Structure formats: structure tokens, C-alpha cells
Amino acid sequence: MGKYILKRCGYIVVVFLILSFLMYSLYNLIPTDPARQELEPQRKALKADEYQVLYQQLRKQMGLDDPLPVRYLRWMGLWAKPNGEVSGMVEGNFGYSNLYKRNVVEVIKTPMANTIFINIFSTIASLGITIPLGIYCAVHKGKRFDSVTQVVTMLGYSIPVYIIALIFMFLFCVLWRVFPIMGMKTPGMEYQNGWQEFVDMLYHIALPVIVMTFSSLGGMTRYVRSSMIDALSMDYIRTARAKGLKEKVVIYSHAWRNALLPVITSILGWFLGIFGGSVIIENTFSLNGMGKLYWQGLNNLDFELVLAIQMFYSVVSLVGSLLIDISYGLVDPRVRVDK
Amino acid sequence: MKKILAMLLAMVMVFTMASAVAESTSEHVLIYGTSTEINGDFAPGSWWTNNATDKMLRDFTNDYSTVTSDQGGALIVNPTVAESVEGKMNDDGTKTYTVKVKSGLKFNNGEEITVKDFLWTTAFSCSSVASEVGAKLTGYLTIVGGQEYYDGTAETISGLRMLDDNTIEVSIVADKVPYFFDLSYANFTAHSMKYWLGEAVDIKDDGNGVYFEGLTKENIEKQLEYARFNAGPDRVTAGPYNLVEFDQASKQATLEINPYYEGNFEGQKPSVPKIVITRAEDATWRDALKTGAFNFYDTITDGEQVNQAMDLIEDEANKEALGYGFAYTQFDRPGYGKLMFQSDFGPTQFPAVRHAIAHLLDRNEFANTFCQGWGGVVNGPYGTAMWMTQESEEWMDENLDNYAYNPDLAKELLIEDGWVLDENGNEYVEGVRYKEVTEEQAGQYVHTKKLDDGRILMGCEIEWSSSEGNSVSDLLSVMLANGEQTAAAGIKINQNIMSFSELLNYMYRDATQGDKYGVPTYCMYNLASNFTSTYDMAYSYTLDPQMVADGYNTDFIFDEELDKLSMDMVYGVEAGDNATYLDIWQKFIKRWNELLPEVPLYSNIYISVYPDWLQGYEQDSYWDFNQAILYATIAD
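These protein sequence lines map, in sequence, to chains E and U.
The numbering used here applies: residue 464 is where the first sequence begins, and numbers increase by one.
The numbering used here applies: residue 14 is where the second sequence begins, and numbers increase by one.
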């Protein structure tokens, strides 16, 4: 097992390097001049000579006149920057955000915390609803409740999340005024203590969490249901029932444990997904999360920020797939992961 | 199963409890919704970033400037801060300003403001350390001795003096004066040197000009980084409000009145005790206003959105539900949306074609449709709020061509200009008009052809570059490019939709981004321009090839008179000589109107929506929220 994990880690490093070069090259293919872009808003305020001086300074600082491999190696931290400093991904410097004029790590910190905070609630709520619902529908396959659930989950699965968000916003915020329409904090609120602040934050993320949960019900419910139906049709279930075991024991101890095998990859995938923000939800509810940051980075051509986010997600995906493979071996003794 | 259900129930309870706890906010907090999210960089000026909301927060918290602008945007000496500001021309062509700052002014922490606090930012802009820390400052190009200090060949900045505890003297290099707005050179704003640069740095003047002691990247970098992003009670500023909090997680900033503030240039102090700045989303701003998520929405620009806001203002049921209603203030946009031509190639190099296109578009109808009644049309590069415009209304009526919708005239203009052939060089009957051109006029434009008899023809086919997702482009496509009148006149306009950055590459002909961008390709663009209160068009129509290559004169119109007028308007007029400035401005506008390098499409009327408990709030084109709010009061 240890040898297998080491080998996979080696692959991860190779894939990461190839991916990083491809991504970096791809972004550099986009015809844009970061120095000009940076100065564009100030063009009117600067006199011609001032503009020219600043423009040349910026090009030099950004190393824009150097060839692509050199810029890539600088970004990776394997080549000295124009100021002589060697600092890049390898050294833990994930780049500099041109939009925020700060190190990317500093920029990402708060949105990442927000996204994880929101996604944890959403993931727990989704799994808490979909797994029991899927099991119940599988056990009561073909009954009215199952049919209604199939229709409702199909609807939830089919309607785009931004439509769900806008409908929920209208109902809960504008019509009934139960939840706030946006943000993560009541403006002007003076909190007496940290708990009050935490509760206010919960209040603000409640509707986004509900929307995220609602829109994710369809997929997992149907997945659990079909997996459970397969498991319930197995011979060992008939045997268990023939042995006179209670139905609850048959469902949860025999069927569910076996149905869990294909579901576990999705569940792990969901937990890994807590790092990834939702562009639509965060923008609609004005939440300062990773999805929104990523969107802003793209819109403002802040490529070091976007690259850092994408490389982070690449690592999460690579490590995630390794974890999923290992977990297969752990939950299913028939699968050996040491080859 | 039971455990899971119990957990879900607990979550619901927590959320419900949260809604109960979070209901109460204190009354009369002005919650300002902004479509530009706060970045959180509060450095002076735009040293690093140029985010509009960050700038507003900076202006709220740093207002002690020796020179400021009044309600009309005119530069004036700020009597609250400056005892006197005097300027004199020197024999060597330089100009020296002597600025005496008032004593007794205090920062928000109660510390007295010294002359060094006014001086250091200007001196810093002459230091190479500013560049080392990434600040975009070019003061050394303006101040006598600045370049030498920056290069390290001089120990002091000879043109910047600290004469005594209250007096600053600054000398401006000869090639930057006279300048109509040169009062701006005498502007010094108070920023705590200790807060920004730390204890290790000092600024001195031994009689030969000011210089820094201890100013190194290592000495200041950490403190500067902290000072830029810090918000809270330890942030040292001097403006009407203190930035008491910036919540990174929610991107909300909270401002409270600075008790040490002595007032703006009119001695006006704020009375709205607390202002919260929060993000507004384009998709939900109306519902956010309606539900009280914020109660102030600044500068609504789109006609449809303005109408939505008006509906909300008239919504009595919502007023009852919310406990307060809304009011609004309206003001003219200091700029316009436009069709910009590149006038050195293709059909648009001929003024007649530019004029014909203007006559083919019903601009009044266009403005009315796009702005939904909240906008109008201008006939030159000006905004209706400018004092020059207001003083020239009659003159403009008499002297400017308004290029009224007239397809017949457009056709006549084209015929007069020689667009009388078809693609085979025969007499024009229908389709796209052609004109015989020289090889130089033809250039590399795609719609040119050489006939067997040696004649070179150019088709009146305009390649138009428009950015994606642009509603102005959509309307232009319907009303101009695909309009029957355009085809009937013999003009064909091909719309090419692209990303904005690609549009800029073509517009600037930026070959560094790819060889194709260096080739003149699109002769028409739709963009927008806004004018600052310091109307300075210098270099915008330059003939200097290097400056054109650097991105000045994006209209690529090379007219000596226009260039000269644009330069003389600011560099040929002494500050305060408004009559001469106005005279040159009118000549400039007239020449521009004749050449028509751009067709102004619409100039919006903006509105800002505010709660009806706010009284006396009056915003204007050059009088922003942070200035206007000082005069507003809260109703009983």
C-alpha cells in the first residue's frame, strides 16, 4: 500500500508540472498586456511622459519582455525575477494578484474560509437529506412517494441553480422577508459578542445553503436510490430475509453497506468540493467566496490569481482521486489498491 | 436516521434563532450599496490600485488637502487647511508655489498634523524606493530636482522645500508650466508619516531641499503593507469620517464621524453618524433596496434601471413595510457613449464618410431608446455639467453641426466625396458604393481592389469592432448597421464582436500582443468616455508617431489644428484665465465637431436613490457622494 501511495504521489508531481506548464502557457496565449491594463484606468490622469515611464517600469517589473519558458520558471520559483529574487510556487509563493496588489495567498484566505464554511453546511444538509431519501425511495420503489420524489428531484436536477436562487430569493426575501437578500453580515450591526456575530453569519448564509442543498438533491438521491435498488435485488438480501432478519437490519446492515460502494466516490467528491466555490450562488447572494473571486480574477484578467486557484483545485483533484482509490480498497475488500 | 434528522432539525433551529437575533439594526444607518466591491487598499492616491470604492473610502478619511474642488469641479484653495497658496513664475521658466498650511489641525487620534505630514507623500513620489515597493508614482518628473533625487545623483529634492513649521515651497519644471490646472501642483494632503512609514523614517530640509532619512524598502515595507490594508481604531487619518471597520469576509466597510474634523473647504462637517458601504449586485440591487439590505444606491446609469428605481420610489406599500421611503437626486453624466472612428485608413479616413454615418443614425431616437428618457445627445467631447458647456449653450447652438438624421444628405455627402462607383468601376447603381483611391489611401484595408485598368477602388464597407454582451452594440446593430437607410445610402457596416481586451488590442494597434493587432483592421468602435473636472485633452490628438504608438490619439486623426488647440487649451493658458481657456475650448470643440472623429451617441442622466429620512442631499456630476453627504442631515 505504501509503495502504491508513493508511486501515485510521484505521478501527481509529474501531472502537476505538466498541467502547470499547459495552464501557464494557455493563459499567456490570451492577447493582453498586463502593464497596459494596469495603467489603463489612470491613462487620463497621467501625462504622456509619465505614462510612458510607468508603462516601461511595469513591463520590466512584470518581466513581460522575457520568453515564455523564463516567465514560467519564474512563476514556479525556479528562475530569478527581474529584481533578483527567486520566489514562486516551489517556495510557497503562489503569485501576486494584479487586481488586489497583494500576494495571492493573502487574497485567497478569507474567501476560502467563507466557501468552506458555507459548503460544509450545504454538504452535510444535502447528504443528510439525499441518503435517507434515496434509501426510502429504493425500499418503496414504485410507490406514490417514490414517484413524487422522482418527479421533484428531476425538477431540481433540471432547473438551473440561478433560477432556483432567484425564485427562492423572491419568495423568502422579497415576499415573506424571512432571510436577508445578500451579504454575510447585517450592515451597521454592532455585535455584543462573537456568538452573536456567528449567528448573524448563519442567518445570512441560510438561504444560499438552502438553495445549494435544494439544487443538489436530485443527483445524489437518484444515485443512492439506484444503487440501493441494485443492492436490494441481490441474492444475499433474499438470503438475509429468508433467515428471518428484521427488515431494518436487512436494509441498513446488508443492503446499504453494499450500496455504499459506488456511492462513496460521489460522497468523497462532495467533501472535496467544499473547497470549490459556486460562481453563481456567490455572485447572486453577494458572498465573498472562492467562486466569486475566481470570476473576478477571470473578468479582470488577473491570471496569477486565477492560475493559483486552478492549480490549487488541480492538487485537490489529484489528491482526491488518490483518496477515492484508497478508500475503495478500504471499504471493499475485493478491491486491491497496491498494484 | 434519527440522528441525521435530529442534526437537520438542530440546523433549522440555529438558522431560525439567527433570524430572530439579527433583526435589529440601529436606526438611521446609511447603508450605501456599491456595484464596485471594496478591494481594501486604502493607500493615498492611486499608488497601487484604482478601485473606485476604495478611492471613495480614502476620500472620506483623508480630506485635509491644500487644494480641493468645489461643487462644480473647479480647483480651489482649501481655506480650512491652507493659510495661503501663492505661485510665481521664475526666470528659468519654472514655477514656484509657496503653500502655508494652518496650525492646529489634528488627525483622528488627536495628534497634531505637522508640515512633514503634508510634505512626505510628494517627496516620496520623487524617491526610487516608491518604485521598489511597487507604488505607481511619478512626482519626480514634475518637481525640479526630482529626477536627480530619483536617479540617486542628488542628495536632496532641490525643488521641494520645507521652509518652516508651516510652509512648503514646490517648484515645477519648465515644460509643465504654464498649465491651466497648475494649482493642482500646489496640492498637499495630510497623511501621518509615522503611520505610513514608521518611526525609522524622517524627512528633513537643511536649506537645499528636502530629503528622507532612513527611507529604505526594508525599513518601510512592513509598515506600508499594514497601513494600506488596515481599518480600525488605529488607522490614522484626517477626514470627515473614520474607517472604523472593514470586514474582509463580508466586504463591508463602516465609517463613523471623526470628531477632530474641522470641516471641508466651506467648513462643513458631517452629521450622518454612521455609513456602511456594502456590495450591490446588478441582478438583485432593486430587491436589496426594497428589502432594506441597503438604503442608498449611487449613480444608477441604465435607463431601464432608473425606471425600476422610480417605481420603487413610488411604491407606498413597500414604504409602509420598510418604515421609510426613498427619494432621488439626478445629475448629468460627465461624458457620453460614442462611435469612435479610426481616421487614418479605410473609408473612415474620409470626413464625408464619418459625416454620412452620423447623418444615418437618428441619435435622438437612439438616446431615447437606450436611456429610456433618461439621457440626451451632445455634439462634441463635453458633458453638460461642465462650466464651459453651460457658458457656451448659445454659442454651441449657433456653431456646432448637430448631424441630424438625414439619409438623403448622407447620400449627397458620399456622392460629393466621390463614392460614385460600383465594385467594377462603373457608375454606381445599387449595393455598396466604391471610390477611386490612391495606393496610399488604400493601404492594407481589406475592402479595396485593383482593377485591370490600374485603378484602385475602395468599398464603403466599414469593419466595426464591438465588445461582447454590449446592449449599445445591439441597438447600433439594429438602428445603424442593419438599418435600411444605411444600405440605401450604399454603406455596409460589418459588426465584429470580440472581448473587450481584444478590442483594445486592435484599437491601440498593439503588435506586442500579436502581429495581426498591429495592422489597421477596424475603422469603427463603440465605446464610452467620461471627463474629469480637469478637462485636459493634451496629447489626445498628438501627431508625434512615438506617442501615437504609445496609445495616445486612438482616433488616429492627424490634424495640426486640433492637436494645437488641445495642447494650447491647458499648456498655453495661465491658471485662472478662464476667458482664454473658454475661447480655445470653443475653437477645439468646433474643430472636433467639423472633423467628427467620434459620433456622440448618448449622454445619460444618472440618479442616486437615498432614504427619505436623509435631507438636503444634492449630488452632481462633479460632486460625489462623499462630498455631498457632508451637507445632508437626518430628518427628525
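Just so it is clear, CB atoms sit at the ideal spot from N, CA and C, and this is done for glycine as well.
Nothing here was measured: the structure is a model prediction, and the numbers come from that model.
Going along the chain, which residues of its own chain have a beta-carbon closer than 6 Å to the beta-carbon of residue i, five neighbours each way excluded?
| i | result |
| --- | --- |
| G564(U) | Y521 |
| P191(U) | E587 |
| P533(U) | F358 |
| A35(U) | Caution applies to A35(U), whose pLDDT of 47 falls short of 50 and renders its modelled position unreliable; the value that the coordinates give is listed next. Around A35(U): no qualifying Cβ. |
| T495(E) | L764 |
| Y563(E) | V570 |
| R797(E) | none |
Check the C-beta distance from residue i over to residue j and give it rounded, since I have them as a contact under 8 Å.
| i | j | result |
| --- | --- | --- |
| K264(U) | N751(E) | 5 Å |
| Y239(U) | C384(U) | Actually they are not in contact, since the Cβ atoms of Y239(U) and C384(U) sit about 45 Å apart, beyond 8 Å. |
| T180(U) | K113(U) | 5 Å |
| N518(U) | E476(U) | Wrong, their Cβ atoms sit about 15 Å apart, outside the cutoff. |
| G46(U) | W387(U) | Not confirmed; about 19 Å, so no contact. |
| P574(E) | L527(E) | Rounded, the Cβ-Cβ distance is 28 Å, inconsistent with contact. |
| Q362(U) | Q457(U) | That belief does not hold up - the Cβ atoms of Q362(U) and Q457(U) are roughly 13 Å apart, past 8 Å. |
| I185(U) | Y198(U) | 5 Å |
Quick check: is the beta carbon of residue i nearer than 8 Å to any beta carbon in chain E?
| i | result |
| --- | --- |
| T135(U) | no |
| G527(U) | yes |
| E317(U) | no |
| E515(U) | yes |
| Q160(U) | no |
| A322(U) | no |
| T62(U) | yes |
| M560(U) | yes |
| Q236(U) | no |
| V42(U) | yes |
| D563(U) | yes |
| Y208(U) | no |
Short of 7 Å in beta carbon distance, which residues of its chain neighbour residue i, apart from the five on each side in sequence? Order them along the chain.
| i | result |
| --- | --- |
| E660(E) | Y654 |
| D625(U) | Y337, G338, F339, A340 |
| N221(U) | T169, S171 |
DSSP on residue i, reduced to helix/strand/coil?
| i | result |
| --- | --- |
| R565(E) | strand |
| L268(U) | strand |
| D576(U) | helix |
| K477(U) | Sequence inspection shows Trp at residue 477(U); the Lys mentioned does not correspond to that position. Three-state result, W477(U): strand. |
| M647(E) | coil |
| E317(U) | helix |
| E36(U) | Because the pLDDT of E36(U) is 47, which lies under 50, any placement of that residue in the model is unreliable, and the number read from its coordinates should be weighed accordingly. E36(U): coil per DSSP, three-state reduction. |
| N577(E) | helix |
| W733(E) | helix |
| N543(U) | strand |
| K606(E) | coil |
| S512(U) | coil |
| R799(E) | coil |
| V742(E) | helix |
| A240(U) | helix |
| L480(E) | helix |
| P624(U) | strand |
| R174(U) | strand |
Would you say residue i faces chain U, with C-beta separation under 8 Å as the test?
| i | result |
| --- | --- |
| L596(E) | no |
| P532(E) | no |
| I692(E) | no |
| D512(E) | yes |
| K648(E) | yes |
| M645(E) | yes |
Ignore the nearest five residues each way along the sequence and tell me which others in residue i's own chain have a CB closer than 8 Å to its CB.
| i | result |
| --- | --- |
| S550(E) | G540, K544, N556 |
| L502(E) | L509, Y514, L517, Y518, L521 |
| N243(U) | F55 |
| S39(U) | At S39(U), the pLDDT of 48 sits below 50, so the modelled position is not reliable; the number obtained from the coordinates is stated separately. Cβ neighbours of S39(U) beyond the five flanking positions: K287. |
Worksheet item: If you measure beta-carbon to beta-carbon, which residues of the stretch 616 to 641 of chain E are closer than 8 Å to chain U?
Response: L629, M632, F633, C636, V637, R640, V641
Discussion item. Using a Cβ-Cβ cutoff of 7 Å, what residues of the stretch 290 to 303 of chain U are near chain E? List them in chain order.
Written reply: T291, R292, E294, A296, T297, D300, A301, K303
Discussion item. Against chain U, which members of the stretch 540 to 570 of chain E pass a CB distance test of less than 7 Å?
Written reply: Y563, K564
Fill in: Members of the stretch 743 to 774 of chain E near chain U, C-beta cut-off 9 Å
N746, T747, F748, S749, L750, N751, K755, Q759, L764
Worksheet entry | Against chain E: residues of the stretch 60 to 87 of chain U by CB proximity under 8 Å | W61, T62, N63
Fill in: Interfacial residues, the stretch 471 to 482 of chain E to chain U, with Cβ spacing under 9 Å
none
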